[in-house]
Amino acid sequence: MTLKDYKKKRDFRKTPEPKRRGQGKNLFVIQKHDASNLHYDLRLAVNGVLKSWAVPKGPSTNPKDKRLAIMTEDHPLSYARFEGRIPEGEYGAGVVIVWDKGTYENLDDKSISKGLKKGHIKFKLKGEKLRGGYSLYQFKKEENQWLLVKMDDEEADARRNPVSTQPESVKTGKTIDDY
Ligand code: MN
0 MTLKDYKKKR
10 DFRKTPEPKR
20 RGQGKNLFVI
30 QKHDASNLHY
40 DLRLAVNGVL
50 KSWAVPKGPS
60 TNPKDKRLAI
70 MTEDHPLSYA
80 RFEGRIPEGE
90 YGAGVVIVWD
100 KGTYENLDDK
110 SISKGLKKGH
120 IKFKLKGEKL
130 RGGYSLYQFK
140 KEENQWLLVK
150 MDDEEADARR
160 NPVSTQPESV
170 KTGKTIDDY
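Reading the sequence shown from the start, the letters are residues 0 to 178 in numbering that gives the first Met the number 0.
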């Protein structure tokens with residue numbers, strides 16, 4: 000049976016059961032990836048896959064910072080749990096840790112999928128390290144180059160620098176060096 004059947008049987012104004020595909024639907028994860036070049040993979044669950052960007056400097060909490068984010072291939076939802084070492088010789092060889100994880104909320108009138116096609120999305124993160132609004136703006140369409148910028152809201156903080164002060168995994172507490 001599909002999720003459609005599940006939904007047809009239930010009145011979600013009355014039952015506390017989950018309406019959405021759950022796990023993953025609005026999930027976000029940022030994986031610190033010590034590959035040939037260290038980077039942070041930002042992934043947002045959209046329509047059953049993880050849309051992904053590699054952010055070389057990692058995300059900032061300062062609205063004045065514009066961080067390059069290179070869009071990479073979609074990943075399966077289950078990838079959000081992955082932490083460990085990709086063996087030498089394999090694509091992306093090196094250690095991956097779950098640097099931050101949580102849920103996100105679309106802050107735009109249009110859907111995230113439409114925003115992705117237009118090259119501009121706005122979303123609010125509810126993670127352990129990152130919170131509040133962020134925007135992703137595609138500035139070079141042919142090269143999949145986007146900019147990740149913190150929105151100027153209550154969670155913006157120019158003094159925080161979680162990339163350097165909170166290097167550990169939110170899943171295991173381990174750092175890259177522990178692997
Ligand atoms: Mn990567």
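C-beta atoms are modelled at their ideal positions from N, C-alpha and C, and glycine is treated no differently.
Compare the beta carbon distance of residue i and residue j with 7 angstroms and say whether it is the shorter of the two.
i      : j      : result
Lys128 : Asp99  : yes
Tyr178 : Val94  : yes
Ile29  : Asn143 : no
Leu26  : Ala44  : yes
Asp107 : Gly114 : yes
Glu104 : Lys123 : yes
Can you determine whether any heavy atom of the ligand MN sits closer than 6 angstroms to the C-beta of residue i, and answer yes or no?
i     : result
Gly91 : yes
His74 : no
His32 : yes
Asp40 : yes
In chain order, what residues of the same chain lie with their CB nearer than 6 angstroms to the CB of residue i, ignoring the 5 residues before and after it?
i      : result
Asp151 : Pro62
Gly91  : Ala34, Ile85
His204 : Residue 204 is absent from the structure shown; the chain starts at 0 and stops at 178.
Gly170 : The amino acid occupying residue 170 in the given sequence is Lys; Gly does not appear at that position. Around Lys170: Glu82, Val97.
Gln137 : Gly118, Trp145
Take residue i and list the residues in its own chain whose beta-carbon comes closer than 8 angstroms to its own, dropping the five residues that flank it on each side.
i      : result
Ser163 : none
Lys65  : Leu146, Leu147, Val148
Asn46  : Ser112
> Mind pulling the beta strand (DSSP E) runs of 3 or more residues that sit fully within the stretch 51-80?
Replying inline: 66-75
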